[in-house]
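Sequential numbering from 6 applies to the sequence shown in this note's numbering. The beta-carbon is built from N, C-alpha and C at its ideal position, and this holds for glycine as well. Read through the structure below, which is laid out as structure tokens, and then see the notes.
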Amino acid sequence: MKIETEIREQFKKTFGDPAGTMYASAGRINLIGEHTDYNGGFVFPGAIDKCIMAEIRPNGTDRVRLRSVDMDDSAEFGLEESDKPEQMWARYVFGVCREIIKRGGRVGGFDAVFAGNVPLGAGLSSSAALESVFAFALNDLFNDGRIDPFELARIGQSTEHNYCGVNCGIMDQFASIFGRKNKLIRLDCRSMEHEYFPFEPEGYRLVLVDSVVKHELVGSPYNRRRESCERVAARLGLDCLRDAGYDDLERVRGDISDEDYSRAHFVIGEKQRVLDVCEALGRGDYETVGRCMYETHEGLSKEYEVSCEELDFLNDVARKEGVTGSRIMGGGFGGCTINLVKNELYDKFIDAAVSKFEARYGHKPKIYDVIISDGAHKC
Ligand code: GLA
Numbered sequence: 006m007k008i009e010t011e012i013r014e015q016f017k018k019t020f021g022d023p024a025g026t027m028y029a030s031a032g033r034i035n036l037i038g039e040h041t042d043y044n045g046g047f048v049f050p051g052a053i054d055k056c057i058m059a060e061i062r063p064n065g066t067d068r069v070r071l072r073s074v075d076m077d078d079s080a081e082f083g084l085e086e087s088d089k090p091e092q093m094w095a096r097y098v099f100g101v102c103r104e105i106i107k108r109g110g111r112v113g114g115f116d117a118v119f120a121g122n123v124p125l126g127a128g129l130s131s132s133a134a135l136e137s138v139f140a141f142a143l144n145d146l147f148n149d150g151r152i153d154p155f156e157l158a159r160i161g162q163s164t165e166h167n168y169c170g171v172n173c174g175i176m177d178q179f180a181s182i183f184g185r186k187n188k189l190i191r192l193d194c195r196s197m198e199h200e201y202f203p204f205e206p207e208g209y210r211l212v213l214v215d216s217v218v219k220h221e222l223v224g225s226p227y228n229r230r231r232e233s234c235e236r237v238a239a240r241l242g243l244d245c246l247r248d249a250g251y252d253d254l255e256r257v258r259g260d261i262s263d264e265d266y267s268r269a270h271f272v273i274g275e276k277q278r279v280l281d282v283c284e285a286l287g288r289g290d291y292e293t294v295g296r297c298m299y300e301t302h303e304g305l306s307k308e309y310e311v312s313c314e315e316l317d318f319l320n321d322v323a324r325k326e327g328v329t330g331s332r333i334m335g336g337g338f339g340g341c342t343i344n345l346v347k348n349e350l351y352d353k354f355i356d357a358a359v360s361k362f363e364a365r366y367g368h369k370p371k372i373y374d375v376i377i378s379d380g381a382h383k384c
């Protein structure tokens, strides 16, 4: 059943008439620029045609009643800090309410049903899509749209920090709110300056291959990666690694751990790769784009150590099949590879990835074709 129909049916069954307003917000891909956002660097994401939709209706009380179609679960909570719900999935919504209130915005009680098709734990930012759809909707329903979109993204990010235990950067929520059809966004995560780049690579397709190794940033070493970067920046007397170069890093090499050195070394290279990829795209040079993607994978695997055996295996298959670019995408520790594939190689690559992966790991990877799409909106 279509997500929207399912939501409408469950809303009516759970909360009765009248219907609420429907909103949607998207998951994201990131072509290049991984683990650079919390280092003040550049990222290059886009929203995708996989989203979370929510039907919402203010209920005139100070209670929130939620139903998650995908979890087949319900939650109810108040809007005070002490009302934090038990269920992890409900905390994303609770956090968004609290972060709006903390900023002086208004949130009253509401009833909501939501569902989505952003695969969970695949590195496509299902949690940012959830935060963004509620941040966008509650801004519309209770604040006449007065909260600016940058702040909406920060509300989602603070929800992760303060209610979900992940010290993430701003990329995912930014992409989910600011995404536009057929455009990738180069975002400077320090100044928040951003530029839309048309992305309709003629002769190529973007495909995600999901290892189905569940990526779970809550409780993962993600926060420790960030701490490594912050230690190196502090040692250099900088606010963030954005301003560091390889020479600076060599200067302090003796004073930092080998592990911190490797993490920072990756970030310094990655920040430049985003700029190189944007420039290459501008001249239609997909070979360079692809080469940078492989370099990123190498760095994420060997220096940043956020890959896993299955993702390295998928990357290897891509290389052997002549795929133009392939790399682990998102926070890491599982999830997908993103692949830039020539049209004529597509079928052969997918066949090889599925059969070789299954032969090795006993289950098939999932394949997602993605279309770059609009971010948060009222439906
Ligand atoms: C996760 C985080 C982002 C970003 C990526 C890695 O998706 O939520 O902020 O750090 O990992 O690039």
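Helix, strand or coil at residue i [DSSP, three-state]
i: Lys298; result: One detail in the question is off: residue 298 reads as Met in this sequence, not Lys. If DSSP states are grouped into helix, strand and coil, Met298 belongs with the helices.
i: Met58; result: strand
i: Cys384; result: coil
i: Ile37; result: coil
i: Met176; result: helix
i: Phe202; result: strand
i: Asp116; result: strand
i: Ile333; result: strand
i: Lys186; result: coil
i: Ala239; result: helix
i: Ile106; result: helix
i: Ile12; result: helix
i: Ile160; result: helix
i: Ile355; result: helix
i: Gly170; result: coil
i: Phe99; result: helix
i: Arg288; result: coil
i: Glu315; result: helix
i: Ile152; result: coil
i: Lys276; result: helix
i: Lys17; result: helix
i: Ser306; result: helix
i: Asp22; result: coil
i: Glu86; result: helix
i: Gly259; result: helix
For residue i, the residue or residues it bridges with in DSSP
i: Asp248; result: Partner(s): none; Asp248 has no beta bridge.
i: Leu211; result: Leu345
i: Lys371; result: Asp215
i: Glu81; result: Arg70
i: Phe47; result: Asp193
i: Gly121; result: Ile57
i: Ser30; result: Ile57
i: Pro63; result: Phe115
i: Ala52; result: Arg33
i: Ile377; result: Ile53
Neighbour-count burial assignment, residue i, 16 or more Cβ in a 10 Å radius
i: Asn348; result: exposed
i: Thr66; result: exposed
i: Ser196; result: exposed
i: Glu255; result: exposed
i: Pro50; result: buried
i: Pro370; result: buried
i: Lys249; result: A small correction: the amino acid at residue 249 is Ala; Lys does not occupy that position in the sequence shown. Buried: at least 16 other Cβ atoms inside 10 Å.
i: Cys245; result: buried
i: Ser73; result: buried
i: Asp78; result: exposed
i: Arg103; result: buried
i: Cys384; result: exposed
i: Arg159; result: buried
i: Tyr373; result: buried
i: Gly165; result: Per the sequence shown, the amino acid found at residue 165 is Glu instead of Gly. Buried is the call here.
i: Lys353; result: exposed
i: Ile376; result: exposed
i: Lys276; result: buried
i: His270; result: buried
i: Gly380; result: buried
i: Thr10; result: exposed
i: Ala239; result: exposed
Any non-hydrogen atom of the ligand MN within 8 Å of residue i CB
i: Pro203; result: As far as ligands go, the structure on display features the ligand GLA and does not contain the ligand MN.
Determine contact between the region 93-108 and the region 173-188, defined as no fewer than three beta-carbon pairs at a distance below 8 Å.
-> no
Which residues have their C-beta within less than 5 Å of a heavy atom of the ligand GLA, listed in chain order?
-> Glu39, His40, Asp42, Cys173, Gly174, Met176, Asp177, Gly335, Gly336
Do three or more CB pairs link the region 199-218 to the region 337-354 at distances below 8 Å?
-> yes
Count the CB pairs spanning the region 292-306 and the region 328-339 that are closer than 8 Å, and state whether there are at least three.
-> yes
Cβ contact check for the region 134-141 and the region 46-63: 3 or more pairs under 8 Å = yes
Any chance the region 21-35 sits against the region 142-153, with 3 or more Cβ pairs inside 8 Å?
-> yes
Does the region 80-92 come close enough to the region 29-44 that 3 or more CB-CB pairs lie under 8 Å?
-> no
Please determine if the region 261-275 and the region 303-310 are in contact, where contact requires at least 3 C-beta pairs separated by less than 8 Å.
-> yes
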